[in-house]
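Chemist: These protein sequences, in sequence, are chains A and B.
Sequential numbering of the first sequence, starting at 54, is according to the working numbering.
Sequential numbering of the second sequence, starting at 10, is according to the working numbering.
Glycine included, each C-beta is placed from N, C-alpha and C at the ideal position.
Fair warning: this is a prediction, and the values are worked out from it, not measured in the lab.
Following this message is one structure expressed as structure tokens.
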Amino acid sequence: MGPKTEMSKTSNIIDFLEAGIRAESLRYEAIASNIANLRTPGYRRIGVKFEELLAKALDSSGSADLSEIKAQIHQLNTTPVKSNGNDVNLEVEVGEMVKNTLRHKVYIRVLSKKYRQMELAMNIGK
Amino acid sequence: MEVNNIFGPVDIAISGMRAQHKQMEVISSNVANKRTTDAGKGEPYRRLEAIFKADGDGIGGVSLDEIVKDMSDFHRILDSGNPNADEQGYVLMPNVSLPKEMINLNIAMRAYQANVAILKRYQAMVETALELLR
């Protein structure tokens with residue numbers, strides 16, 4: 054394995070984390086929109102699909118082209134609606150937010166660890 | 010519900026919060042209709058009760074199974090001036106008893122808080138695990 058593949062592997066992890074963080078920021082927007090429309094008649098909750106798409110791409114080839122995998126907004130339209138045609142549930146949104154926050158913390162921690170490793174490698178010759 | 014992942018505890022706690030939310034809705038309906046003598050069908054309001062069921066056999070959340078009517082006897086009060094009164098002057102009142110509802114409300118609130126506590130503690134747990142990455 055040449056140094057070139059090693060290099061691309063390193064950037065790969067960072068790319069994955071970056072894509073994950075971008076998906077999360079979209080998910081935060083979706084949650085904010087859902088909570089803002091908690092009482093809007095006829096509003097259906099918005100979800101963001103990313104992890105499933107990534108897993109599917111990784112499943113078939115073992116590696117994924119991140120430029121092709123974009124977080125998608127989707128509306129389920131299957132959750133039971135309240136009498137005003139709205140299907141947003143505050144508890145569910147809070148749960149999504151908690152999950153998103155935890156995921157965010159994991160990504161950020163792994164990313165900073167990765168950068169620290171690189172920094173360490175750069176300082177070895179000193 | 011998928012519980013076989015890192016967010017299992019979050020999903021379970023949220024399902025508990027939703028269940029207690031529903032329970033509070035039922036209680037508030039009962040309290041609001043404490044003196045509703047006509048709930049259609051010529052009967053007073055019947056007290057409602059939420060029945061919950063576990064999601065699956067093993068570890069899992071909770072969901073609302075159904076909302077059933079409490080078939081216990083209606084209360085009868087003497088109120089001869091009431092247009093709904095029978096020949097003896099009695100009026101049928103809903104079978105809602107406020108002390109019972111208040112106790113159930115307390116239980117529902119505590120259960121909701123317990124689920125929120127689990128949610129918070131689980132977050133703290135994951136954060137502790139992340140300290141390993143420092």
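#1: Which residues of chain A have a Cβ atom closer than 7 Å to the Cβ of Val19 of chain B, listed in chain order?
#2: Could you give the first and the last residue of the continuous beta strand (DSSP E) run that contains Gln97 of chain B?
#3: What's the gap between the Cα of Asn176 of chain A and the Cα of Tyr160 of chain A?
#4: Which runs of the beta strand (DSSP E) spanning at least 3 residues fall entirely within the region 11 to 73 of chain B, listed in chain order?
#5: For Gln97 of chain B, does the count of other Cβ atoms within 10 angstroms reach 16, so buried, or fall short, so exposed?
#6: Please classify Lys179 of chain A: does DSSP put it in a helix, a strand, or coil?
#7: Report the neighbours of Glu58 of chain B on chain A: residues whose CB is nearer than 8 Å to its CB, in chain order.
#8: Does Ile76 of chain B come within less than 7 Å of chain A when only Cβ atoms are used?
#9: Under a CB-based cut-off of 7 Å, is Met33 of chain B close to chain A?
#10: Any idea if Pro92 of chain B is buried or exposed, counting beta-carbon neighbours within 10 angstroms, 16 or more meaning buried?
#11: Compute the distance between the beta-carbons of Ala85 of chain A and Phe103 of chain A, then report whether it is under 7 Å.
#12: Whose CA, out of B:Ile68, B:Ala41, B:Glu58, B:Lys31, lies closest to the CA of Ser81 of chain B?
#13: Mind checking which residues open and close the alpha helix (DSSP H) that includes Lys109 of chain B?
#14: Determine whether the Cβ of Met134 of chain B lies closer than 7 Å to any Cβ atom of chain A.
#15: What three-state label does DSSP hand Pro56 of chain A in the structure shown?
#16: Need the endpoints of the beta strand (DSSP E) that Arg181 of chain A sits in, please.
#17: Could you tell me how far apart the beta carbons of Arg92 of chain A and Asn130 of chain A are, in whole angstroms, since I believe they sit closer than 8 Å?
#18: Classify Met26 of chain B: buried if its beta carbon has 16 or more other beta carbons within 10 angstroms, exposed otherwise.
Modeler: Checking against the coordinates, here is how it stands:
#1: For Val19 of chain B, the C-beta contacts it makes with chain A under 7 Å involve Gly148, Val151, Lys152, in order along the chain.
#2: Segment: none, Gln97 of chain B is in no beta strand (DSSP E) and carries neither H nor E.
#3: Between Asn176 of chain A and Tyr160 of chain A, the alpha-carbon positions lie close to 24 Å from each other.
#4: Complete beta strand (DSSP E) runs here, min 3: 57 to 63.
#5: Exposed is the call here.
#6: Lys179 of chain A: coil per DSSP, three-state reduction.
#7: The premise fails here: Glu58 of chain B is roughly 20 Å from chain A at the closest Cβ pair, so nothing lies under 8 Å.
#8: Judged by the 7 Å Cβ criterion, Ile76 of chain B is not in contact with chain A.
#9: Not an interface residue.
#10: It is exposed - the Cβ of Pro92 of chain B has fewer than 16 other Cβ atoms within 10 Å.
#11: No.
#12: Nearest C-alpha to Ser81 of chain B: B:Glu58.
#13: Judged by DSSP secondary structure, Lys109 of chain B falls within the alpha helix (DSSP H) whose first and last residues are 107 to 139.
#14: So no, Met134 of chain B is outside the interface.
#15: For Pro56 of chain A, the predicted model reports a pLDDT of 46, less than 50, meaning its position is unreliable and no value from the coordinates is stated.
#16: Summary: the structure shown does not reach residue 181 of chain A, with chain A confined to residues 54 through 179, and so no result is reported for it.
#17: So it is not a contact: roughly 19 Å between Cβ atoms.
#18: Met26 of chain B comes out buried.
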